[in-house]
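Student:
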Amino acid sequence: MIVIRAALAVALALGVLAAPPAVEAQKSEKMARVGILGLGPVPSPQDLATSVSTNPFWIAMRQLGWVDGQNMVVERRFGESVDQFRTGAADLVRLKVDVLFVSS
Numbered sequence: 002m003i004v005i006r007a008a009l010a011v012a013l014a015l016g017v018l019a020a021p022p023a024v025e026a027q028k029s030e031k032m033a034r035v036g037i038l039g040l041g042p043v044p045s046p047q048d049l050a051t052s053v054s055t056n057p058f059w060i061a062m063r064q065l066g067w068v069d070g071q072n073m074v075v076e077r078r079f080g081e082s083v084d085q086f087r088t089g090a091a092d093l094v095r096l097k098v099d100v101l102f103v104s105s
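The opening residue of the sequence shown carries number 2 in the numbering used here; numbering runs sequentially from there.
#1: Might you give, ordered along the chain, the residues of its own chain that have their beta carbon closer than 8 Å to the beta carbon of Leu13, omitting 5 neighbours on each side?
#2: Does the region 59-68 come within contact of the region 82-102, defined as at least 3 CB pairs closer than 8 Å?
#3: Could you say if the region 32-45 and the region 71-90 meet the contact criterion of at least three C-beta pairs nearer than 8 Å?
#4: For Met62, name the three-state secondary structure that DSSP assigns.
#5: Does DSSP classify Gly36 as helix, strand or coil?
#6: Pick out the complete beta strand (DSSP E) segments inside the region 65-102, 3 residues or longer, and give them in chain order.
#7: DSSP three-state call for Ser52: helix, strand or coil?
#8: According to the Cβ coordinates, are Leu105 and Leu49 closer than 8 Å?
#9: How about Arg77 and Ile37: are their beta carbons less than 8 Å apart?
#10: Is the separation between the beta-carbon of Phe79 and that of Pro42 shorter than 8 Å?
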């Protein structure tokens, strides 16, 4: 009986040692998609860059680790009329953004 217990203990120990190590969880490679729908004309590249660097929303996003082009993609649409606004909203929904931020 003691020999059987010892053999069982050895077999169990060898099984544990031979098992592959646990795989660590990997970060998701999927980039978050953020949709922004703004009322008004399309801003110039300079205005957009200034907004991204000074707007409290974007500053907070960076502090939380969210950076456009690194772990998220920002889709921007603008409309000066109701029809343009509606078209931009439909486009963002079609793109299946993860979150939709609307500014008017």
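Every residue, glycine too, gets a C-beta built ideally from N, C-alpha and C.
Tutor: Result, derived from the coordinates:
#1: A caution first: Leu13 carries a pLDDT of 44, below 50, which makes its placement in the model too unreliable to give a value.
#2: no
#3: yes
#4: helix
#5: strand
#6: Inside the region 65-102, DSSP marks whole beta strand (DSSP E) runs of 3 or more residues at positions 73-80, from first to last along the chain.
#7: Judged by DSSP in its simplified three-state form, Ser52 adopts helix.
#8: Residue identity differs from the one stated: residue 105 is Ser in this sequence, not Leu. No, the Cβ-Cβ distance between Ser105 and Leu49 is not below 8 Å.
#9: yes
#10: yes
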